[in-house]
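Participant:
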Amino acid sequence: MPFGLVSAWNKRRRSLSYDQIDPWIYRPAQCWQLGEEVLRPKRRSGGGGGGGGASVFTLREMEAATCSFADGNSLGRGGFGRVYRGTLSSGQVVAIKRMEAAPPLREAEKEREFRVEVDVLSRVDHPNVVSLVGYCAEGDQRLLVYEYLSRGHLQGQLHGTGGGRMEWPVRLRVALGVGRGLAYLHSGSAVGIPIAHMDLKSTNILLGEDFEAKISDFGLAKFMPEGPDGGLAMGMQGTFGYFDPEYASTGNFTLKSDVYAFGVVLLELLTGRRAIDLHQGPPGQSLILQLQHLLADRKGLRRVIDRAMPRSSCTMESVVLFAGLAARCVCLESGGRPAMADCVAELQLALSANMRRRHRVQHPSLRS
Ligand SMILES: Nc1ncnc2c1ncn2[C@@H]1O[C@H](COP(=O)(O)OP(=O)(O)OP(=O)(O)O)[C@@H](O)[C@H]1O
Ligand SMILES: [Mg+2]
Numbered sequence: 001m002p003f004g005l006v007s008a009w010n011k012r013r014r015s016l017s018y019d020q021i022d023p024w025i026y027r028p029a030q031c032w033q034l035g036e037e038v039l040r041p042k043r044r045s046g047g048g049g050g051g052g053g054a055s056v057f058t059l060r061e062m063e064a065a066t067c068s069f070a071d072g073n074s075l076g077r078g079g080f081g082r083v084y085r086g087t088l089s090s091g092q093v094v095a096i097k098r099m100e101a102a103p104p105l106r107e108a109e110k111e112r113e114f115r116v117e118v119d120v121l122s123r124v125d126h127p128n129v130v131s132l133v134g135y136c137a138e139g140d141q142r143l144l145v146y147e148y149l150s151r152g153h154l155q156g157q158l159h160g161t162g163g164g165r166m167e168w169p170v171r172l173r174v175a176l177g178v179g180r181g182l183a184y185l186h187s188g189s190a191v192g193i194p195i196a197h198m199d200l201k202s203t204n205i206l207l208g209e210d211f212e213a214k215i216s217d218f219g220l221a222k223f224m225p226e227g228p229d230g231g232l233a234m235g236m237q238g239t240f241g242y243f244d245p246e247y248a249s250t251g252n253f254t255l256k257s258d259v260y261a262f263g264v265v266l267l268e269l270l271t272g273r274r275a276i277d278l279h280q281g282p283p284g285q286s287l288i289l290q291l292q293h294l295l296a297d298r299k300g301l302r303r304v305i306d307r308a309m310p311r312s313s314c315t316m317e318s319v320v321l322f323a324g325l326a327a328r329c330v331c332l333e334s335g336g337r338p339a340m341a342d343c344v345a346e347l348q349l350a351l352s353a354n355m356r357r358r359h360r361v362q363h364p365s366l367r368s
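All residue numbers in the sequence shown are consecutive under the numbering used here, ending with 368.
1. Between the Cα of MET224 and those of ILE215, THR203, ASP258, GLU212, spot the shortest distance and give me the residue it belongs to.
2. Alpha carbon to alpha carbon, how far is GLY81 from GLU209? Give it in angstroms, no decimals.
3. Straight-line CA distance for PRO2 to ALA248?
4. Confirm, please, whether the CB-CB distance from ASP244 to SER334 is below 8 Å.
5. If the criterion is Cβ atoms closer than 8 Å, does the pair ASN274 and LEU287 meet it?
6. Which runs of the alpha helix (DSSP H), 4 residues or longer, sit entirely within the segment 142-216?
7. Can you find the residues in the same chain that come closer than 6 Å, C-beta to C-beta, to GLY48, ignoring five residues on each side of it along the sequence?
8. Which residue comes first and which comes last in the alpha helix (DSSP H) that contains MET62?
9. Just to check, is the beta-carbon of ASN204 closer than 7 Å to a non-hydrogen atom of ligand 2?
10. Is the CB-CB distance between ALA353 and LEU325 below 8 Å?
11. Kindly examine ligand 2 and report whether one of its heavy atoms sits closer than 7 Å to the Cβ of GLY241.
12. In terms of residues, what are the limits of the beta strand (DSSP E) holding GLU138?
13. Taking 5 Å as the limit, name every residue whose beta carbon sits nearer than that to some heavy atom of ligand 1, in sequence order.
14. So, is GLU346 buried or exposed, given that buried needs 16 or more other C-beta atoms within 10 angstroms?
15. By DSSP's criteria, THR87 is part of a beta bridge. Which residues make up the other side?
16. DSSP three-state call for ASN128: helix, strand or coil?
17. Are the beta-carbon atoms belonging to ARG142 and MET99 less than 8 Å from one another?
18. Between which two residues does the alpha helix (DSSP H) containing SER122 stretch?
19. Helix, strand or coil for MET236? Go by DSSP, reduced to three states.
20. Under a Cβ-count criterion, where at least 16 other Cβ atoms within 10 Å of its own Cβ denotes burial, should SER216 be classed as buried or exposed?
21. How many whole angstroms separate the CB atoms of LEU172 and ALA350, which I take to be in contact at a CB cut-off of 8 Å?
22. Check ALA353 in the structure and name its three-state DSSP category.
23. Can you give me the start and stop residues for the beta strand (DSSP E) that LEU75 sits inside?
24. Within 10 Å of its beta-carbon, does VAL198 have 16 or more other beta-carbons around it, so buried, or fewer, so exposed?
25. What does the alpha-carbon distance come out to for the pair VAL129 and LEU200?
26. Cβ of GLN290 within 7 Å of any heavy atom in ligand 4?
27. Taking ALA183 and LEU269 to be in contact with their CB atoms under 8 Å, please state how far apart those CB atoms are, rounded to whole angstroms.
28. Buried or exposed, going by whether 16 or more other CB atoms sit within 10 Å of the CB of LEU278?
29. For GLY177, which residues from the same chain have a beta carbon less than 7 Å from its beta carbon, with the 5 sequence-adjacent residues on both sides left out?
30. Sort VAL145, GLY179, GLU317 by Cα distance to GLU63 and report the nearest one.
31. Quick one: is LEU292 buried, meaning 16 or more other Cβ sit within 10 Å of its Cβ, or exposed?
32. Under DSSP, the alpha helix (DSSP H) around TYR242 begins and ends at which residues?
So this is what it looks like as structure tokens:
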């Protein structure tokens with residue numbers, strides 16, 4: 001299929017009967033039999049999207065924005081390819097992700113990830129989801145253009161590569177932002193069907209100058225059927241350390257699999273440790289296995305709080321609420337995990353518990 005505008009692609013998709021639709025994005029196909037209303041992409045109201053939906057760029061424009069993909073503009077590299085900082089002719093600073101050549105099998109996968117990313121991000125609009133400014137699809141070149149998030153990914157911030165220490169209130173706000181973004185995707189309010197991210201992890205959470213958190217990387221995202229039985233049977237996709245045990249054993253991915261990954265991110269925020277750390281010996285390699293018995297009591301909790309975090313920035317009351325939520329998110333059985341909307345409400349409680357106490361410390365006369 002010649003790849004042109006996403007709108008042309010959407011048009012083609014609408015003209016097909018449902019059993020002709022590419023299975024990789026429209027599984028389960030019956031989810032899409034909801035009429036034209038659901039399929040119409042949402043337009044952005046402004047911000048990184050530039051006010052008019054994703055733009056289509058030429059390769060020449062991409063080269064001009066990045067000084068011909070100069071090494072000095074490289075922000076890093078992931079599974080899809082290298083990411084460059086760039087400046088568009090409008091003056092907007094952006095991050096440009098360029099697909100790298102891959103072996104034939106992986107090539108088709110990357111092409112699919114590119115289209116899913118464009119399709120999903122063209123439909124969603126939320127302050128905690130990264131904005132797609134546009135894309136370029138010329139010949140075999142595939143590039144994605146995003147709003148630029150100056151602090152890079154959360155993992156980099158937690159482990160020092162992003163510079164600076166993150167105080168507890170900042171970690172709480174990051175958790176709340178990610179929670180809100182994920183709750184929005186799960187709610188179905190974007191397209192009428194819940195969206196599962198399927199690769200939530202600390203490197204896919206980007207931070208802006210004021211530590212505003214944005215979920216990125218939607219190449220593996222799926223539209224999900226509603227209801228408790230909603231789940232997709234598929235081969236393993238995602239990242240080790242974040243796999244929900246049910247998904248790992250049955251291949252059945254549900255929205256609660258995203259909640260599990262969110263719980264792992266909460267634990268990373270609490271402890272400052274990586275989800276998987278191969279530098280440790282076997283029992284310490286997995287954050288979850290390491291923490292299993294430590295989250296339940298205050299003494300255990302005190303031992304795992306990130307030492308790089310200023311202790312004066314947090315209250316135990318807030319930490320206990322936060323750790324309790326994290327422990328339920330990573331519950332072995334999906335039925336024991338909260339919905340994302342509940343996670344948001346509980347994180348708000350943890351945030352206000354921290355603010356109340358700090359307020360009392362600053363104003364001792366208010367102590368009862
Ligand atoms: N919008 C953006 N603004 C600023 N930096 C970004 C942006 N998008 C990606 N980056 C940076 O580019 C680098 C590579 O990101 P990328 O998402 O390709 O890889 P990853 O998340 O490390 O791995 P994966 O391929 O598993 O997602 C990361 O350091 C990331 O912080
Ligand atoms: Mg990423």
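For glycine and all other residues, C-beta sits at the position ideal for the given N, C-alpha and C.
Facilitator: This is what the structure holds:
1. Minimum Cα distance to MET224 is reached at ASP258.
2. The straight-line gap from Cα to Cα measures roughly 24 Å.
3. Residue confidence is low: PRO2 scores 40 on pLDDT, short of 50, so the model does not pin down where it sits. Its coordinate-derived value is still stated next. Approximately 36 Å between the Cα atoms of the pair.
4. Their beta carbons are under 8 Å apart, which means SER334 touches ASP244 by this criterion.
5. In the sequence as presented, Asn is not what sits at residue 274; that position holds Arg. It is a contact, given that the beta carbons lie within the stated cut-off.
6. As for any alpha helix (DSSP H) of minimum length 4 sitting wholly inside the segment 142-216, the runs are 154-158, 168-187, ordered along the chain.
7. Its pLDDT being 43, under 50, GLY48 is placed unreliably by the model, and nothing is read from it.
8. Taken as a continuous stretch (DSSP letters only), the alpha helix (DSSP H) holding MET62 covers 59-66.
9. Flag set: Cβ of ASN204 near ligand 2.
10. Contact check for ALA353 against LEU325 fails: the beta carbons are separated by 8 Å or more.
11. It does not: the Cβ of GLY241 is nowhere closer than 7 Å to a heavy atom of ligand 2.
12. It spans 132-138 - the beta strand (DSSP E) in which GLU138 sits, taken as one unbroken run.
13. Proximity annotation: ligand 1 has residues LEU75, GLY76, GLY78, GLY79, VAL83, ALA95, TYR146, TYR148, LEU149, GLY152, HIS153, THR203, ASP217 in chain order, each selected because its CB is closer than 5 Å to a heavy atom of the ligand.
14. With 16 or more Cβ atoms within 10 Å of its Cβ, GLU346 is classed as buried.
15. Per DSSP, VAL93.
16. Reduced to three states, the DSSP call for ASN128 is coil.
17. Yes, Cβ-Cβ distance for ARG142 and MET99 is below 8 Å.
18. From DSSP, the alpha helix (DSSP H) with SER122 extends over 104-123.
19. Three-state DSSP puts MET236 in coil, outside helix and strand.
20. Classification of SER216: buried, given that the 10 Å Cβ count is 16 or more.
21. Their Cβ separation, rounded to whole angstroms, is 6 Å, which keeps LEU172 and ALA350 in contact under 8 Å.
22. It is helical.
23. From DSSP, the beta strand (DSSP E) with LEU75 extends over 74-77.
24. The amino acid occupying residue 198 in the given sequence is Met; Val does not appear at that position. The residue in question, MET198, is buried, as its Cβ has 16 or more Cβ neighbours within 10 Å.
25. Taken atom to atom, the span from the alpha-carbon of VAL129 to that of LEU200 is near 12 Å.
26. As far as ligands go, the structure on display features ligand 1 and ligand 2 and does not contain ligand 4.
27. Incorrect: roughly 17 Å between the Cβ atoms, too far for contact.
28. Around the C-beta of LEU278, fewer than 16 other C-beta atoms lie within 10 Å, and the residue is accordingly described as exposed.
29. Cβ neighbours of GLY177 beyond the five flanking positions: ASN128, GLU212, ALA213.
30. Looking from the CA of GLU63, the closest CA among VAL145, GLY179, GLU317 belongs to VAL145.
31. Residue identity differs from the one stated: residue 292 is Gln in this sequence, not Leu. Classification of GLN292: exposed, given that the 10 Å Cβ count is below 16.
32. In the DSSP assignment, TYR242 falls outside any alpha helix (DSSP H), carrying neither H nor E.
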